[in-house]
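Peer 1:
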Amino acid sequence: MSGIQKFFASRAGIISVGAFIGVFAALLQKWGNPGNMGICVACFERDIAGAIGLHRAAVVQYLRPEILGFVLGALLSALAFREFRPRAGSAPIVRFVLGMAAMIGALVFLGCPWRMLLRLAGGDGNAIFGLGGLVGGIWLGTLFFKGGYNLGRSQTTYASVGLILPLIILGLLALRLIFPQIPDQPQSGILFYSVKGPGAQHAALAVSLVVGLAVGILAQRSRFCTMGAIRDLILFRQGHLFSGMLALLVFAFLTNLVVGQFKPGFAGQPVAHTQEVWNFMGMLVAGLAFALAGGCPGRQLFMAGEGDGDAGVFVLGMIAGAAVSHNFGLASSPKGVGPHGIAGVIICLAVLLFIGFTMRQKSA
Amino acid sequence: MSNLVDARGLSCPQPVLLTLDRIKSLGQGELTVLVDTDTSKENVIRAAGSQGWQVKSVDAAGMEYKLILEKA
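So the protein lines, in turn, are chains A and B. Heads up: the first sequence begins at 8 in our numbering, then just goes up one per residue. Heads up: the second sequence begins at 303 in our numbering, then just goes up one per residue.
(1) Start and end of the beta strand (DSSP E) containing residue 370/B?
(2) Assess, as a yes-or-no matter, whether the segment 197 to 212 of chain A is touched by the segment 10 to 17 of chain A under the definition of 3 or more beta carbon pairs within less than 8 Å.
(3) Given that a residue counts as buried once 16 or more other Cβ atoms are within 10 Å of its Cβ, and exposed if not, what is residue 173/A?
(4) CA-CA distance, residue 342/B and residue 360/B?
(5) Where does the unbroken beta strand (DSSP E) through residue 336/B begin, and where does it stop?
(6) Kindly list the residues whose CB is nearer than 8 Å to the CB of residue 26/A, restricted to its own chain and excluding five residues on each side of it in sequence; keep chain order.
(7) Kindly give me the distance between the Cβ atoms of residue 317/A and residue 113/A, rounded to whole angstroms, as I take these residues to be in contact under 8 Å.
(8) What are the complete alpha helix (DSSP H) segments, minimum 4 residues, inside the segment 222 to 287 of chain A?
(9) Could you say if the segment 205 to 214 of chain A and the segment 52 to 72 of chain A meet the contact criterion of at least three C-beta pairs nearer than 8 Å?
(10) For residue 306/B, count neighbouring C-beta atoms within 10 Å of its own C-beta (all shown protein chains included) and say buried if the count is 16 or more, exposed if not.
(11) Who does residue 361/B pair with in a DSSP beta bridge?
(12) Which of the three DSSP states, helix, strand or coil, is assigned to residue 54/A?
(13) Closest by CA to residue 354/A, which one among 142/A, 241/A, 105/A, 330/A?
(14) With distances taken from CA atoms, which of 85/A, 158/A, 46/A is nearest residue 315/B?
(15) Can you name the residues of chain B whose CB is closer than 8 Å to the CB of residue 19/A?
(16) For residue 164/A, which three-state DSSP category applies?
(17) Are the C-beta of residue 302/A and some C-beta of chain B separated by less than 8 Å?
(18) Do you know whose CA, among 197/A, 252/A, 358/A, 37/A, lies nearest residue 264/A's CA?
(19) Residues of the segment 242 to 256 of chain A with a CB closer than 7 Å to any CB of chain B: list them in chain order, please.
(20) Taking C-alpha atoms, which residue in 225/A, 99/A, 348/A, 132/A lies nearest to residue 270/A?
(21) Between the C-alpha atoms of residue 355/B and residue 326/B, what's the straight-line distance to the nearest angstrom?
(22) What residue range does the beta strand (DSSP E) around residue 307/B cover?
(23) Confirm, please, whether the CB-CB distance from residue 142/A to residue 362/A is below 8 Å.
(24) Which full runs of the alpha helix (DSSP H) of 4+ residues lie inside the segment 128 to 178 of chain A, going along the chain?
(25) Taking DSSP as the reference, what is the three-state secondary structure of residue 338/A?
(26) Using a Cβ cut-off of 7 Å, which residues of the segment 145 to 162 of chain A contact any Cβ in chain B, in chain order?
(27) State the Cα-Cα distance for the pair residue 22/A and residue 249/A, rounded to the nearest angstrom.
(28) Taking C-beta pairs closer than 9 Å, name the residues in chain E that residue 367/A reaches, listed in chain order.
(29) What three-state label does DSSP hand residue 77/A in the structure shown?
(30) Reducing DSSP to helix, strand and coil, say where residue 95/A ends up.
(31) Which of the three DSSP states is assigned to residue 63/A in this structure?
(32) Please return the same chain residues whose Cβ sits closer than 7 Å to the Cβ of residue 54/A, not counting the five positions on each side in sequence.
(33) Using the beta-carbon count (16 or more within 10 Å), is residue 266/A buried or exposed?
(34) Apart from the five residues on each side of it in sequence, which residues of its chain come closer than 6 Å, Cβ to Cβ, to residue 61/A?
(35) For chain B, check one thing: does any of its Cβ atoms lie closer than 8 Å to the Cβ of residue 97/A?
(36) Give the straight-line distance between the Cα atoms of residue 8/A and residue 90/A, rounded to the nearest whole angstrom.
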């Protein structure tokens, strides 16, 4: 076991995991997921919010099995390698709000950092502005770290605390199995399904779930994190996680070339808009929120699977943020930002600055 | 300057940040770091290694790790 542990903690380990995610994310697009959206944690959590009726945007409702697989795969891996650590209590309500802000920002850009990379790998030039915003947001986060920003310690707690989010996920999987999609029907039992739009584009349930589980296991082992990748580079000049992120980009690009999914350009890219400033600003808000919360949205799912109840609260915040985004017209569409998207970005940025400036601790 | 960093319960990147700060002020010698996740353990060891600090010992106690780092 220690050999496996050593491999995943090594440079080769993190690169292998990034490459695996890049290849399979691109293949998931070939197998039915939306364009440049083989895996998008933000979009897929938003689709889950739609599937359970927290918002009623008809084109983005699907209970994405990849997300369920991420948490359950990380849980299995953490249990198998004795890394399940039930812990909670580090400013949970702040983490909920950080999750909301992260999602609102990500849905202005239209994607999480993983999808930003997949969009670049598919030739979507608009994602360059998203990358710039992400780096900018994380850089702001590092300034807060240097100024003493800290959400406080979590406590070790009952195993059941760490199991709550995985159990919710298991419950969602049960719903997905009990109420399967009925062709051309917008509803099956209590679940909503898109009949058109990105929510209607998806790989088969088993394929999505198996890839999700595999990614969950591998990412738990290697601590893959796209926010940490950029943060560690800026803060510590350390490129370990960054090499994994780069591998995701390169291998998704190569896979896209092989299967004919690379289409360079700015206009008409799948599920994307061309408003540079708001692509940048949306991702700046998301990047700052991920930095302040200590992990990209994928990493938050994996940590939730490892028993981190605070990461679980961040995930629930993201799902609530998705509901708010679509109910209040904050989310963008291929036509551009939503009617209140710009207001959403400004308010979220103000909230994040408030959190960053006021939550400082003298380190013990 | 104390040669103990208690990073238990802290989110990324705090354990690494605290360890590197202490390493900088100590310059050399021995440093004990307490962490409570495997991620923090790996991150602290990697960061200390980048500054030329070696791992002298890793003790697991329940759900915590006591890392002893040293630089001659």
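Every residue, glycine too, gets a C-beta built ideally from N, C-alpha and C.
Peer 2: Once the coordinates are examined:
(1) As a working mapping, residue 370/B is identified with position 68 in the second sequence. Looking at the DSSP string, the run of the beta strand (DSSP E) that includes residue 370/B is 366 to 373.
(2) Taking 8 Å as the limit for Cβ pairs, the verdict is that the segment 197 to 212 of chain A does not touch the segment 10 to 17 of chain A.
(3) Here residue 173/A is taken as the residue at index 166 of the first sequence, counted from 1. Result: buried.
(4) Within the second sequence, numbered from 1, the residue matching residue 342/B stands at position 40. Within the second sequence, numbered from 1, the residue matching residue 360/B stands at position 58. Within the model, the alpha-carbon separation for residue 342/B versus residue 360/B is close to 13 Å.
(5) Here residue 336/B corresponds to residue number 34 of the second sequence, with the count starting at 1. Counting along the chain, the beta strand (DSSP E) containing residue 336/B begins and ends at 331 to 337.
(6) Numbered from 1 along the first sequence, position 19 holds the residue referred to as residue 26/A. Here the set comprises 254, 255, 257, 258.
(7) For this step, residue 317/A is matched to residue 310 along the first sequence. For this step, residue 113/A is matched to residue 106 along the first sequence. The pair is not a contact, with the Cβ atoms about 19 Å apart (cut-off 8 Å).
(8) Those alpha helix (DSSP H) runs which fall completely within the segment 222 to 287 of chain A and span 4+ residues are 233 to 243, 247 to 266.
(9) These segments touch.
(10) By one-based count along the second sequence, residue 306/B stands at place 4. Exposed, by the Cβ-count rule.
(11) Against the second sequence, residue 361/B aligns to sequence position 59. Answer is 368/B.
(12) Taking the first residue of the first sequence as position 1, residue 54/A is located at position 47. Secondary structure of residue 54/A (DSSP, three-state): helix.
(13) Numbered from its first residue, the first sequence carries residue 354/A at position 347. Considering only alpha carbons, the answer is 105/A.
(14) What you label residue 315/B is simply residue 13 of the second sequence in a count that begins at 1. Looking at 85/A, 158/A, 46/A, the one whose alpha-carbon comes closest to that of residue 315/B is 158/A.
(15) Within the first sequence, the letter at position 12 stands for residue 19/A. Residues of chain B passing the Cβ test: none, with the nearest at roughly 14 Å.
(16) Translated into the one-based positions of the first sequence, residue 164/A becomes position 157. Assigned with DSSP and collapsed to three states, residue 164/A falls in coil, not helix or strand.
(17) Taking the first sequence and counting its residues from 1, the one referred to as residue 302/A is at position 295. Residue 302/A counts as touching chain B.
(18) On the first sequence, position 257 is the one that residue 264/A refers to. Here the closest residue by C-alpha is 37/A.
(19) Cβ contacts with chain B: 242, 243, 245, 247.
(20) Along the first sequence, read from residue 1 onward, the residue named residue 270/A stands at position 263. Cα-wise, what sits closest to residue 270/A is 132/A.
(21) Walking along the second sequence from the start, residue 355/B turns up at place 53. Walking along the second sequence from the start, residue 326/B turns up at place 24. Residue 355/B and residue 326/B have their C-alpha atoms roughly 11 Å apart.
(22) Residue mapping note: residue 307/B aligns to position 5 of the second sequence, counting from 1. Residues 306 to 308.
(23) Indexing the first sequence from 1 puts residue 362/A at position 355. Indexing the first sequence from 1 puts residue 142/A at position 135. Between residue 362/A and residue 142/A, the C-beta gap is not smaller than 8 Å, which leaves the two residues out of contact.
(24) Counting whole runs of 4 or more residues, the segment 128 to 178 of chain A contains the alpha helix (DSSP H) stretches 134 to 153.
(25) Here residue 338/A corresponds to residue number 331 of the first sequence, with the count starting at 1. Correct three-state label for residue 338/A: coil.
(26) For the segment 145 to 162 of chain A, the set of residues with a beta-carbon nearer than 7 Å to any beta-carbon of chain B comprises 152, 157, 158, 160, 161, 162, in chain order.
(27) For the purposes of this step, residue 22/A is taken as residue 15 along the first sequence, with counting starting at 1. For the purposes of this step, residue 249/A is taken as residue 242 along the first sequence, with counting starting at 1. When rounded, the distance between both Cα atoms is 9 Å.
(28) Here the protein chains are A and B, and chain E is not one of them.
(29) Taking the first residue of the first sequence as 1, we reach residue 77/A at position 70. Note: residue 77/A maps to helix in three-state DSSP.
(30) Residue mapping note: residue 95/A aligns to position 88 of the first sequence, counting from 1. Residue 95/A carries a strand assignment under DSSP once its states are collapsed to helix, strand and coil.
(31) For the purposes of this step, residue 63/A is identified with residue 56 of the first sequence, where counting begins at 1. Reduced to three states, the DSSP call for residue 63/A is coil.
(32) Here residue 54/A refers to the residue found at position 47 when the first sequence is read from its first residue. Excluding positions up to five away in sequence, the list reads 67, 68, 69, 71, 206.
(33) By one-based count along the first sequence, residue 266/A stands at place 259. Exposed: under 16 other Cβ atoms inside 10 Å.
(34) Translated into positions along the first sequence, residue 61/A becomes position 54. Correct list, in chain order: 330.
(35) For the purposes of this step, residue 97/A is taken as the residue at position 90 of the first sequence. It does: the Cβ of residue 97/A has a partner Cβ on chain B nearer than 8 Å.
(36) Here residue 8/A refers to the residue found at position 1 when the first sequence is read from its first residue. Here residue 90/A refers to the residue found at position 83 when the first sequence is read from its first residue. Unreliable placement is indicated for residue 8/A, whose pLDDT of 48 sits below 50; no coordinate value is reported for it.
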